Structure formats: structure tokens, C-alpha cells
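K.L.:
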Amino acid sequence: MTGSVPDTPADNAAEKRPSAVALRYDPAWRAPRLVAKGYGPVAQAIIESARAHGVVVTDAPELVGLLMRVEIDREIPPDLYVAVAQLLVWLERVDRQASGRASAP
Numbered sequence: 009m010t011g012s013v014p015d016t017p018a019d020n021a022a023e024k025r026p027s028a029v030a031l032r033y034d035p036a037w038r039a040p041r042l043v044a045k046g047y048g049p050v051a052q053a054i055i056e057s058a059r060a061h062g063v064v065v066t067d068a069p070e071l072v073g074l075l076m077r078v079e080i081d082r083e084i085p086p087d088l089y090v091a092v093a094q095l096l097v098w099l100e101r102v103d104r105q106a107s108g109r110a111s112a113p
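For the sequence shown, our numbering assigns the number 9 to the initial residue and increments by one for each residue that follows.
#1: Taking DSSP's pairing of strands, which residues face GLU162 in a bridge?
#2: Which of the three DSSP states, helix, strand or coil, is assigned to PRO26?
#3: Contact between the segment 86-98 and the segment 45-59: three or more CB pairs below 8 angstroms?
#4: Counting Cβ pairs, one atom from each stretch, are 3 or more of them under 8 angstroms apart for the segment 31-43 and the segment 69-89?
#5: Measuring straight from C-alpha to C-alpha, what distance separates MET9 and VAL29?
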């Protein structure tokens, strides 16, 4: 996921630096985990790596801002479960459509 976060509170809306996070989910876990996060060049590297591996990238600045508070390799907090679940369902649909598979009922 990508977004833009101001460098400082004084920055105006036009001067935002790119930000990105990456999540991973394993059914053995209680919740998805944050596996990467960063700003500027690090964010760009996360985005490029995701695209190179066929991972769908989406723009969700509010969610990215909240996930930036999570430590790497930690499960997302319960208050973000619904937002992340909705995003994961949407991403699964996009992935199915892109691969030509029928969507689940």
C-alpha cells in the first residue's frame, strides 16, 4: 500500500513524501503482519519490489499512516482488523480478475 505523509506538520499538502507498507498473512497467524515500511526511496523500493513480484499495489494513505505506527514483524493491531480485511478482500478480487479466475460467491 502506498500513501503520502508530510515531512513535518508545517508542510503543505503539495509537499508530501511517498510512503509505503507491506503486509503478509499466514493462516497460522492471528492477524496479518507488517513486513516492510518506509518513506521516500525506501517506499519506492517497497513498491517496485511488490510490482516485480506480481503483488497488487494500491493507494490507501490513511491506512498507510496508521500502519506506519506498527513495528516491523508485528501483527497489525485489532483496531485495524476491519480496514485491513476489507483491503485484503478487495485485493483478492483484483488478483482473481487479473488472472482470469472466477470470483468466489
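All residues carry an ideal CB built from backbone N, CA and C; glycine is no exception.
These figures come from a predicted structure and were not determined experimentally.
P.N.:
Judging by the given coordinates:
#1: This structure does not reach residue 162, given that the chain is present from 9 up to 113, and the question cannot be answered.
#2: Residue 26 sits at position 18 when you count from the first residue of the sequence shown. Strand at PRO26.
#3: no
#4: yes
#5: For this step, residue 9 is matched to residue 1 along the sequence shown. For this step, residue 29 is matched to residue 21 along the sequence shown. So the alpha carbons of these two residues sit roughly 5 angstroms apart.
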